[in-house]
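Read through the structure below, which is laid out as structure tokens, and then see the notes.
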């Protein structure tokens, strides 16, 4: 089992490559939750993610022969960049296998850090199969994204930084994909401050750790489906699972809409860009997925900020929908002059801003004397949405909510 000594040794190895990232008090989330919330901003880490810590520690422990042969790994993006930079800084050749649909921004960044990128498979597990083939074919050392104690120890340096910057911490909230991050952090936290809690968070669509804990043994999911691609793994690692069982107090899950809301809040209120995996700890706190006391000092670990811009657009829209800031509706008007003007009188009364209007006279869903209208709207919150929709229906407009 990984212990505190290994994490302390990792700290010496990674301090020149990784940054001691900020731990910032958040008045916003403290006010919203009643807790004393401090954000651990791994979004400001080199490569934009915590992964550089574990990768650097693993590469530093290679023998000379292993360094000469090079390394290989599989990753959805963040571990790829971490290994690429760590290997390049050490003069080690690296090959990274990424899923075919990995975010373009992460693929480009990995290549820019000096690695050869191979695209293979639909998800992390299929990419890992190809990476292990290259490991055997080219005699490279496989740098596992999470199921490696040197990697876990490197990630654990986050826990040491949290304790240094916030010695009174009560609860640390950590995302879980394969489990390497939470294993290292939990080891550091629990061995230095046993009374502190460690809460793990997964996406509903990739909840292998949560389901494994329920069964008391590791299980593999048939597939994963979440906007949090950084933690979209079918199974938690064998070594991390033992540490999760030993050190982690609770594992909870959050939905994609909840992740989107947390992402939007971080952008708007904290001016901080996170990827889905980085938003899940705050989502768990905001949506009360675990119990906590008034004034409890809680540190959500925002693990990374490498989000694809196309994904970000979708996440922002979904977040705005969930918070009542964006509304898309469909209604039916008489196909005659003045019909739209009458509808817009209600919009004016409720001070609704229009993004776009689309008329469809050819829809088979309406009578030939009618026209179907889809309208995208800017709203001011759930109460505004409810009042506006009620007013439309009271005036006789059939309304379907599309988003």
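In my numbering, the protein residues as written are 10 to 412. Note that beta-carbon positions come from the ideal geometry of N, C-alpha and C, so glycine has one too. Computed from a prediction, not measured in an experiment: that's the story for all the values here.
- Its chain contains 154, 155, 156, 242, 245, 246, 249 as the residues whose beta carbon lies nearer than 7 Å to that of residue 187, once the 5 sequence neighbours on both sides are disregarded; these appear in chain order.
- A distance of 8 Å or more separates the beta carbons of residue 398 and residue 38.
- Taking residue 255 as reference, the option from 208, 299, 267, 279 with the minimal CA-CA separation is 208.
- Listed in chain order, the beta strand (DSSP E) elements of length 3 or more contained wholly in the segment 200-246 are 206-212.
- Going by C-alpha positions, residue 75 is about 34 Å away from residue 257.
- Taken in chain order, the whole alpha helix (DSSP H) runs of length 4 or more contained in the segment 100-136 are 113-121.
- Judged by DSSP secondary structure, residue 34 falls within the beta strand (DSSP E) whose first and last residues are 32-34.
- Counting only the Cα atoms, residue 149 lies some 14 Å from residue 138.
- Look at the beta carbons and you see the segment 335-353 not touching the segment 270-289: under three pairs across the two are nearer than 8 Å.
- For residue 379, same chain residues with a beta-carbon under 8 Å away, outside a window of 5 residues either side, are 341, 342, 343, 344 in chain order.
- In the DSSP annotation of this structure, residue 185 is not part of any beta strand (DSSP E), being labelled neither H nor E.
- In this structure the segment 167-175 does not lie against the segment 101-113, because fewer than three pairs of beta carbons, one per stretch, are closer than 8 Å.
- Residue 347 sits in coil when the DSSP states are folded into three classes, being neither helix nor strand.
- With fewer than 16 other CB atoms across the displayed protein chains lying within 10 angstroms of its CB, residue 367 is exposed.
- For residue 171, the uninterrupted alpha helix (DSSP H) segment begins and ends at 166-174.
- Of the other Cβ atoms in all chains shown, 16 or more fall within 10 Å of the Cβ of residue 30; this residue is therefore buried.
- Taking the Cα of residue 90 as reference, the smallest distance to any Cα among 311, 193, 68, 61 is reached at 61.
- In summary, residue 318 is exposed, with fewer than 16 beta-carbon neighbours lying within 10 Å of its beta-carbon over all protein chains present.
- If you check the CB distance, residue 205 and residue 252 do not come in under 8 Å.
- The C-beta distance from residue 197 to residue 16 rounds to 5 Å, short enough to fall under 8 Å.
- 8 Å or more divides the Cβ of residue 383 from the Cβ of residue 374.
- A distance below 6 Å between beta-carbons, with the five flanking residues on each side excluded, links residue 312 to the following residues of its chain, in chain order: 51, 59, 184, 286, 287.
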